[in-house]
Amino acid sequence: MAESPFSETRVLGILLLAILLNTYLFGVISQQIYSYWTCGFKDSRRLITFIVALFVIVALQSSLLWVMAWNVYIVRSVHTASKVATWEGPANAVCQCILILSANIFLAARIHKLTSSRLQSRLVITLSISAFVIRLVNLVTTWISKKYLSPQTQYTVSQRTMSVVWHTIQAVESTIFLA
Numbered sequence: 059m060a061e062s063p064f065s066e067t068r069v070l071g072i073l074l075l076a077i078l079l080n081t082y083l084f085g086v087i088s089q090q091i092y093s094y095w096t097c098g099f100k101d102s103r104r105l106i107t108f109i110v111a112l113f114v115i116v117a118l119q120s121s122l123l124w125v126m127a128w129n130v131y132i133v134r135s136v137h138t139a140s141k142v143a144t145w146e147g148p149a150n151a152v153c154q155c156i157l158i159l160s161a162n163i164f165l166a167a168r169i170h171k172l173t174s175s176r177l178q179s180r181l182v183i184t185l186s187i188s189a190f191v192i193r194l195v196n197l198v199t200t201w202i203s204k205k206y207l208s209p210q211t212q213y214t215v216s217q218r219t220m221s222v223v224w225h226t227i228q229a230v231e232s233t234i235f236l237a
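Following my numbering, the numbering of the sequence shown begins with 59 at its first residue and continues without gaps.
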């Protein structure tokens, strides 16, 4: 019998691949941070603090993924998708939301500095904050309903709508950054 596209083994396999890719990218980011420190840029204290804070959040996010991989693949049985639904997944998503918000606000400040366009930078900040709030509300409602990371999940209409709105806002922000 053919395996369903939403079977537990496929979901867990994709999850493991994502964790391995994240680990590789964390290594790339760590190398970039090392290069940044050794090159001796003359950046302001605010920018250095911002870079350190982003790196700490990225390290926390990667650590949460490693803990989740340990719990799912080593400690727990991988034959039941409900055992994947641990606290690390939503906590990782919160870290991701914070990273996206802070990076977008930094890019909005750069847009304002380079183009002197208050409208464009304020639009990016407004979209970033609204996307952050929508994503957090969606995460909290999903976390409360305990329906995260399960292939049999039937999300409510409001959860799906919030996800669509969040992805749409992210696409609009990307378009503004590229314009």
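Beta carbons are placed, not taken as given, at the ideal position from N, Cα and C, and that holds for glycine.
For this session: Would you kindly report the start and end of the unbroken alpha helix (DSSP H) that includes S33?
Result: Outside the displayed span of the chain (59 to 237) sits residue 33, for which this structure offers no information.
Exercise. To the nearest whole angstrom, what separates the beta carbons of L194 and C153, a pair I think is in contact under 8 angstroms?
Worked result: With 8 angstroms as the limit, L194 and C153 do not qualify as a contact, their Cβ atoms being about 12 angstroms apart.
Exercise. Is the region 225-236 touching the region 181-192 in the sense that three or more CB pairs, one from each, lie closer than 8 angstroms?
Worked result: The region 181-192 makes contact with the region 225-236; the number of CB pairs closer than 8 angstroms reaches 3 or more.
Problem set entry | Backbone CA spacing between L185 and N80 [nearest angstrom] | 26 angstroms
Exercise. Should L78 be listed as close to the ligand ADP, given that the test is whether its C-beta is under 7 angstroms from any heavy atom?
Worked result: The model depicted lacks the ligand ADP and carries no ligand whatsoever.
For this session: Go ahead and pull the three-state DSSP assignment for F84.
Result: DSSP places F84 in the helix class (H, G or I) of the three-state scheme.
For this session: At 4 residues or longer, and completely inside the region 139-206: list those alpha helix (DSSP H) runs for me, N to C.
Result: Qualifying alpha helix (DSSP H) stretches, in chain order: 146-173, 176-203.
Problem set entry | Meets three-Cβ-pair contact criterion under 8 angstroms: the region 169-177 and the region 106-125 | no
Exercise. Between A151 and the rest of its own chain, which residues show a CB-CB distance below 7 angstroms, the 5 nearest in sequence each way excluded?
Worked result: Correct list, in chain order: L197.
Exercise. Does DSSP put G98 in a helix, in a strand, or in coil?
Worked result: coil
Exercise. Once you ignore the five residues that flank W201 on each side, which residues in its own chain have a CB closer than 8 angstroms to its CB?
Worked result: P148
Exercise. Out of F108, T199, A189, which has the shortest C-alpha to C-alpha gap to I227?
Worked result: A189
Exercise. With a Cβ-Cβ cutoff of 8 angstroms, do A127 and L74 count as a contact?
Worked result: yes
For this session: Look at the alpha carbon of I163 and the alpha carbon of V223, and state the distance between them as a whole number of angstroms.
Result: Cα to Cα, I163 sits roughly 19 angstroms from V223.
Exercise. Expressed to the nearest angstrom, what Euclidean distance is found between the alpha-carbon atoms of R103 and G71?
Worked result: 42 angstroms
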